[in-house]
DNA sequence: CTATCATGTGAAGTGCACTTTAAGTCAAGC
DNA sequence: GCTTGACTTAAAGTGCACTTCACATGATAG
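Residue numbers (the numbering used here), protein chains in the order written: chain A, 14 to 156; chain B, 14 to 156.
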């Protein structure tokens with residue numbers, strides 16, 4: 014029997030069969046032939062799926078992968094599609110990095126607190142301000 | 014009329030009233046007194062809520078804030094609670110940073126592709142390997 | 001006195017990326 | 001012939017952090 018069953022595609026790509034059907038439904042992978050209701054995949058689908066996996070790892074949502082696949086004029090080469098999408102995604106990634114850095118700052122800042130009761134603690138009062146805890150560690154340059 | 018209405022608390026904290034009720038339901042803020050079915054808040058709730066906001070900004074989930082509030086012995090000071098929670102959260106933040114860096118790498122790596130047809134493109138084949146596109150830009154040190 | 005607004009409740013809805021379930025079909029091995 | 005396992009479908013469920021809805025009631029302004 015020629016072609017790959019959905020189970021074989023799942024095994025080779027690391028996806029679950031349910032995810033493959035879902036991707037098909039979302040239009041991310043072409044509808045395969047059927048042998049008596051069963052899907053039979055051309056091996057090229059493996060390449061499609063690894064491109065999808067790459068895009069997902071790079072942070073693209075399913076909707077964005079749809080755009081990558083179908084949101085351009087048919088003769089737009091993959092290189093151009095990727096560049097268009099990747100450009101704005103890089104901006105988002107940079108923003109997310111900043112959020113994480115702020116989280117780091119808040120976490121370490123909060124760790125300096127020495128308060129024994131919540132009522133004493135002013136960590137939460139003025140955000141970004143360097144002095145938070147009443148009796149405690151440091152105070153300086155607070156606006 | 015003494016105390017704050019839920020609308021006033023919402024206005025002062027930037028939360029929506031629905032979020033305040035939700036936090037109450039989740040046990041993040043103490044149940045306020047009622048005046049004839051209406052909630053009446055002591056102003057100290059503002060401090061509670063800004064601590065919650067801080068924790069949320071620092072990346073704690075609602076469940077983690079619950080732990081922060083109620084997951085320790087009653088005499089554990091806030092400083093110790095925060096340090097315990099922040100330590101593991103900092104590890105997660107660092108991991109998330111690495112994920113973002115990998116995303117950046119994948120995005121810029123894919124932007125080097127010059128392929129005109131998806132079939133030519135091997136970006137997706139061997140991940141982390143530096144040569145991806147057949148006719149194109151560069152190839153070097155690929156394991 | 002009445003219209004309007006804020007508030008009360010429980011239940012259901014939202015978005016995302018799938019997974020799980022229920023109920024049925026098909027091919028192969030014993 | 002029968003069981004087992006892989007497969008089929010549509011529909012519902014998951015997790016998170018809320019929001020929205022429908023409907024009831026209380027407070028306030030004119």
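Backbone N, C-alpha and C fix where the C-beta goes; we use that ideal spot for every residue, glycine too.
As the structure is a prediction and not an experimental result, all values here were calculated from the model.
If you compare alpha carbons, which of 26/A, 27/A and 18/A is closest to residue 49/A? Counting from one through the first chain, the residue named residue 49/A turns up at place 36. Closest option to residue 49/A, judged by alpha-carbon separation, among 26/A, 27/A and 18/A: 18/A.
Just to check my reading of the structure: residue 26/B and residue 63/B have Cβ atoms closer than 8 Å, yes? What is that Cβ distance to the nearest angstrom? Walking along the second chain from the start, residue 26/B turns up at place 13. Walking along the second chain from the start, residue 63/B turns up at place 50. At roughly 7 Å, the Cβ-Cβ gap stays under 8 Å, so residue 26/B and residue 63/B are in contact.
Is residue 41/B helix, strand or coil when you go by DSSP? Indexing the second chain from 1 puts residue 41/B at position 28. Shown here, residue 41/B sits in coil according to DSSP, grouped into three states, outside any helix or strand.
Can you name the residues of chain A whose CB is closer than 8 Å to the CB of residue 109/B? The residue given as residue 109/B occupies position 96 in the second chain. Correct list: 113.
Under a CB-based cut-off of 8 Å, is residue 23/B close to chain A? In the second chain, residue 23/B corresponds to position 10, counting from 1. Output row for residue 23/B: interface = no.
Taking C-beta to C-beta, are residue 126/A and residue 92/B nearer than 8 Å? Taking the first chain and counting its residues from 1, one reaches residue 126/A at position 113. Taking the second chain and counting its residues from 1, one reaches residue 92/B at position 79. It is a contact, given that the beta carbons lie within the stated cut-off.
How is residue 46/A classed by DSSP in three states: helix, strand or coil? As a first step, residue 46/A is located in the first chain; it is residue number 33 there, counting from the start. When secondary structure is reduced to three states using DSSP, residue 46/A falls in the strand class.
Please report how far the alpha carbon of residue 99/B lies from the alpha carbon of residue 111/B, in whole angstroms. Walking along the second chain from the start, residue 99/B turns up at place 86. Walking along the second chain from the start, residue 111/B turns up at place 98. Rounded to the nearest angstrom, the two C-alpha atoms are 18 Å apart.
Out of 87/A, 103/A, 119/A and 59/A, state which residue places its alpha-carbon closest to the alpha-carbon of residue 71/A. Along the first chain, read from residue 1 onward, the residue named residue 71/A stands at position 58. Selection 87/A, 103/A, 119/A and 59/A evaluated against residue 71/A yields 103/A as nearest (Cα-Cα).
Mind listing which residues of the region 83-97 of chain A have their C-beta closer than 8 Å to chain B's C-betas, in chain order? Here the close residues are 90, 91, 92, 95 and 96.
What residue ranges within the region 55-142 of chain B form continuous alpha helix (DSSP H) runs of no fewer than 4 residues, ordered along the chain? Runs of the alpha helix (DSSP H) inside the region 55-142 of chain B: 58-70, 75-83 and 91-124.
Is the CB-CB distance between residue 96/B and residue 41/B below 8 Å? Position 83 of the second chain, counted from the first residue, corresponds to residue 96/B. Position 28 of the second chain, counted from the first residue, corresponds to residue 41/B. Not a contact, by the Cβ cut-off of 8 Å.
Using the C-alpha atoms, what's the distance from residue 117/B back to residue 83/B? Locating residue 83/B in the second chain gives position 70, where the first residue counts as 1. Locating residue 117/B in the second chain gives position 104, where the first residue counts as 1. When rounded, the distance between both Cα atoms is 39 Å.
Measuring alpha carbon to alpha carbon, tell me which of 59/A, 51/A, 101/A and 106/A ends up nearest residue 28/A. Stepping through the first chain from its first residue, residue 28/A is reached at position 15. The residue with the shortest Cα to Cα distance from residue 28/A is 59/A.
Less than 6 Å between C-beta atoms, sequence neighbours within five positions excluded: which residues of the same chain meet that for residue 122/A? By one-based count along the first chain, residue 122/A stands at place 109. Within the same chain, residue 122/A has no close Cβ partners at all.
Got a sec: is the Cβ-Cβ distance from residue 17/B to anything in chain A below 8 Å? Within the second chain, residue 17/B is the residue found at index 4, counting from 1. By this cut-off, residue 17/B is not an interface position.
Strictly by DSSP, which residues pair up with residue 17/B? Here residue 17/B refers to the residue found at position 4 when the second chain is read from its first residue. Answer is 54/B.
Quick check: the Cα distance between residue 105/B and residue 115/A, rounded to an integer number of angstroms? Walking along the second chain from the start, residue 105/B turns up at place 92. Walking along the first chain from the start, residue 115/A turns up at place 102. Counting only the Cα atoms, residue 115/A lies some 14 Å from residue 105/B.
Considering only their Cβ atoms, is the gap separating residue 20/B from residue 53/B smaller than 8 Å? If you number the second chain from 1, residue 53/B lands on position 40. If you number the second chain from 1, residue 20/B lands on position 7. Not in contact: residue 53/B and residue 20/B (Cβ atoms no closer than 8 Å).
In whole angstroms, what separates the C-alpha of residue 45/B from that of residue 61/B? The residue you call residue 45/B lines up with position 32 of the second chain. The residue you call residue 61/B lines up with position 48 of the second chain. Rounded to the nearest whole angstrom, the C-alpha separation of residue 45/B and residue 61/B is 12 Å.
Reduced DSSP secondary structure (H/G/I, E/B, other) of residue 29/B: Mapped onto the second chain, residue 29/B falls at position 16. Here DSSP, grouped into helix, strand and coil, assigns residue 29/B to coil.
Backbone CA spacing between residue 22/A and residue 51/A [nearest angstrom]: Within the first chain, numbered from 1, the residue matching residue 22/A stands at position 9. Within the first chain, numbered from 1, the residue matching residue 51/A stands at position 38. Answer to the nearest angstrom: the Cα atoms are 13 Å apart.
Between the C-alpha atoms of residue 77/B and residue 113/A, what's the straight-line distance to the nearest angstrom? Position 64 of the second chain, counted from the first residue, corresponds to residue 77/B. Position 100 of the first chain, counted from the first residue, corresponds to residue 113/A. For residue 77/B and residue 113/A, the distance between alpha carbons rounds to 17 Å.
Within chain A, partners of residue 76/B - CB distance below 7 Å: What you label residue 76/B is simply residue 63 of the second chain in a count that begins at 1. At a beta-carbon threshold of 7 Å, none of the residues of chain A lie near residue 76/B; the nearest stands roughly 17 Å away.
Short CB-CB distance (under 8 Å) between residue 44/A and chain B: Numbered from its first residue, the first chain carries residue 44/A at position 31. Proximity of residue 44/A to chain B, defined by a Cβ-Cβ separation below 8 Å, is not satisfied.
Given residue 65/B, which residues of its chain have a CB within under 8 Å of its CB, disregarding the five upstream and five downstream residues? Within the second chain, the letter at position 52 stands for residue 65/B. Contacts found: 36, 41, 42 and 78.
Residue burial classification, residue 68/B (beta-carbon count within 10 angstroms, cutoff 16): On the second chain, position 55 is the one that residue 68/B refers to. It counts as buried.
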